[in-house]
Amino acid sequence: MNNQIPPQLPFRTEALENADIIASARTIIHEGPICDNCLGRQFAKIASGLTNEKRGEILRSVLEAELKEGKCWLCNGLFENFDAWALKALETLKGYEFDSFLVGTKVNGMLLENEELLWEIAGAAYAEPLKAELNREVGKRIEHETGKIADFDRPDLVVILNLVTEAVELQINSVFIYGRYRKFKRGIPQTKWLCRECRGKGCDRCDFTGKMYAESVEELIGGSILEEFGGVVTVLHGSGREDIDARMLGSGRPFVMEIKEPKLRELDLKWLENKVNDENKDKVEVLELQYVKREAVAKIKNAKVDKTYRAVVSLKTDVLEEDLRSALDNLIGAVIEQRTPLRVVHRRADLVRKRKVYDARLISFEVPIVEFKCDGGLYIKELISGDNGRTIPSLSELLGTEAEVKELDVVDVAI
Ligand SMILES: [Zn+2]
Ligand SMILES: [Zn+2]
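Using the numbering used here, the first residue of the sequence shown is number 14, and each one after it goes up by one.
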């Protein structure tokens, strides 16, 4: 995986005309017919600023009388077909949008064996591997024809010259889009949730959809953008997730949408935002879309976030407004010891987590509505109900009556 262009230093061809080098080149050409690329490549670290082909030509002119005729035994004529490989690579790239690329080669066993054999005979002190030359030369051609640049670190795509299958393959890196989403409708999970019964194959229980729920935030947003990018699949990476039956309001929840194997990578995001929002009215909305790098996924996943929830609460017995207010006041600044809720203990480790409540306030009393600002990861339904004593303290415990969440909304996620 190397298609670096050598630095443009002045030619120093005299270095190749040294007696030791000539002797070594002679050993090589006595093995059999060899092309200029393969001969020159054995001395790639000498005479900077030249192509291997040029190095080969220089050595050939010195050793003219001793050369054997015929197809190169090392590469089996690969470098004669070099143009064909470059054209095939350019052909394969048609229809893909990219700014940067890298060329890699999968070498077949015969070439590797030949190369090792030659190095045993003539030494490898000045040599460069065959695939490094092929990568670089094809890379130079692609740069020249497309005006795009080779990038070792983070190419948009990798062109793979597969010498085994004689095909050019593409490895296309994902596009990542950061944004925030709001969810206006209850009953929609954040990501696609496979049917528990059939694990996605399709069965009676899931009506042969393979899914627990007909739609998800991931599929709704993804459905509006996947085809536009010509991608294969979209994956939503969220900064935490709300309950299925909770809406996500306020400033929305940060997420990164990954589009795998896209053909296009530079769509106008304002336009895309409008498209997503038009197509998913009353369900999901996105805002602040921007292109980001892959690291953004880990960043939003690991960020410490504070969340603000709003809950409609039902109380088993009547309580006085002042008692409700004072119970909420008692929760401000409290560290909640929360054992994994009964409703999720089948899929999460049963342990006690400590999470802080930063603010708790009464929004309305007639139908009690409360708002909590707290650490991410605190289960609000259990903060209110107490979960049979598994969450301490709780609103229920402080009021001395059973309390239950009727409706839950996330109104802010702050990173
Ligand atoms: Zn060759
Ligand atoms: Zn099923």
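Positions of the beta carbon are idealized from the N, C-alpha and C atoms, including for glycine. These numbers come from a predicted model, not from an experiment.
Spatial distance of residue i from residue j (CA atoms)
i	j	result
Tyr109	Pro275	8 Å
Ala347	Pro354	19 Å
Glu133	Phe165	30 Å
Gln203	Ala416	27 Å
Pro23	Ala57	Summary for Pro23: the model assigns pLDDT 46, below 50, so the residue's position carries little reliability; its value from the coordinates is reported in the next sentence. Computed Cα separation, rounded: 15 Å.
Lys317	Lys386	14 Å
Val299	Ala309	17 Å
Arg199	Asn343	30 Å
Ser252	Leu207	21 Å
His157	Val358	59 Å
Lys84	Cys51	12 Å
Lys314	His250	8 Å
Gly236	Cys211	23 Å
Phe242	Asp291	18 Å
Val227	Leu302	For the record, residue 227 in the displayed sequence is Ala; it is not Val. Those two C-alpha atoms are separated by around 25 Å.
Arg39	Asn121	27 Å
Pro19	Glu146	Model confidence at Pro19 stands at a pLDDT of 48, short of 50, so the residue's coordinates are unreliable and nothing is read from them.
Glu128	Leu285	51 Å
Asn186	Lys312	19 Å
Ala32	Leu72	11 Å
Arg368	Gly213	35 Å
Ile397	Val383	10 Å
Glu379	Asp363	37 Å
Met511	Arg366	Here the chain has residues from 14 to 428 only, and residue 511 is not among them.
Phe126	Asp96	The displayed chain sequence assigns Glu, not Phe, to residue 126. Looking at the two C-alpha atoms, the distance is approximately 24 Å.
Gly45	Val181	30 Å
Phe221	Leu130	58 Å
Lys306	Ala259	30 Å
Ala137	Arg361	56 Å
Ile238	Glu150	36 Å
Leu87	Leu80	15 Å
Ser339	Asp388	21 Å
Asn63	Asp281	One point to set straight first is that residue 63 is Leu, not Asn, in the sequence displayed. Rounded to the nearest angstrom, the two C-alpha atoms are 43 Å apart.
Pro142	Gly69	15 Å
Rounded Cβ spacing between residue i and residue j (contact assumed at less than 8 Å)
i	j	result
Lys161	Asp112	6 Å
Phe268	Tyr194	6 Å
Leu174	Thr118	5 Å
Thr330	Thr404	Actually they do not touch by this definition, with Cβ atoms about 20 Å apart.
Val289	Ile376	Not quite, the Cβ-Cβ distance comes to about 30 Å (not below 8 Å), so this is no contact.
Lys196	Val325	At roughly 17 Å, the Cβ-Cβ gap does not stay under 8 Å, so Lys196 and Val325 are not in contact.
Val248	Lys273	7 Å
Leu391	Gln351	7 Å
Ala140	Ile41	About 10 Å separates the two Cβ atoms, so there is no contact after all.
Residues near residue i in its chain [Cβ-Cβ closer than 7 Å; skip 5 each side]
i	result
Glu279	Glu110
Lys67	Gly53
Lys492	Nothing can be reported for residue 492: it is not among the residues displayed for the chain, which extend from 14 to 428.
Ile34	Phe56 and Ile59
Ala427	Val318 and Asp319
Lys144	Thr118 and Val120
Met14	Interpretation of Met14 is limited by its pLDDT of 46, a score under 50 that renders its predicted location unreliable; the figure taken from the coordinates is listed afterwards. For Met14, where only same-chain residues beyond five positions count, the Cβ hits under 7 Å are Leu115, Gly117 and Asn148.
Asp400	Pro354 and Leu355
Cys216	Cys208 and Glu210
Close Cβ partners of residue i (< 8 Å) along its chain, the five nearest in sequence each way excluded
i	result
Ile155	Ala99, Ala102, Leu103, Leu106, Phe114, Val116, Lys161, Ala163 and Val172
Asp256	Lys394 and Leu421
Asp336	Leu412
Ala78	none
Gly90	Cys48 and Lys84
Asp295	Phe197 and Lys198
Leu183	Thr105, Leu106, Tyr109, Leu170, Val171, Val172 and Ile173
Val188	Phe242, Gly244, Glu271, Ile272, Pro275, Arg278 and Tyr304
Leu176	Leu91, Thr118, Lys119, Val120, Asn121 and Leu124
Leu76	Ile35, Ala38, Arg39 and Ile42
Ile2	The structure shown does not extend to residue 2, since the chain is modelled only from 14 to 428, so the question has no answer here.
Closer than 7 Å: residue i CB and nearest ligand 3 heavy atom
i	result
Leu87	With respect to small molecules bound, the structure shown includes ligand 1 and ligand 2 and not ligand 3.
Own chain partners of residue i with C-beta closer than 6 Å, once the 5 adjacent residues on each side are dropped
i	result
Asp425	Gly263, Ser264 and Thr321
Ala373	Leu341, Leu344, Ile345 and Phe385
Asn293	Leu233
Glu30	none
Met261	Arg195, Lys196, Glu255 and Val423
Pro381	Val326
Thr178	none
Anything with a beta carbon under 6 Å from a heavy atom of ligand 2 counts; list them all in chain order.
Cys208, Glu210, Cys211, Gly215, Cys216, Arg218, Cys219 and Gly223
Contained beta strand (DSSP E) runs [length at least 3] in the segment 305 to 377, N- to C-terminal order:
319 to 328, 348 to 352 and 365 to 377
Contiguous alpha helix (DSSP H) assignments of at least 4 residues, all confined to the segment 251 to 312:
282 to 292
Complete runs of the alpha helix (DSSP H) confined to the segment 112 to 168 [at least 4 residues]
122 to 135 and 143 to 159
Segments of 4+ residues assigned as alpha helix (DSSP H) that fall wholly inside the segment 67 to 109
95 to 106
Residue ranges of each alpha helix (DSSP H) within the segment 173 to 242, 4 or longer
230 to 242
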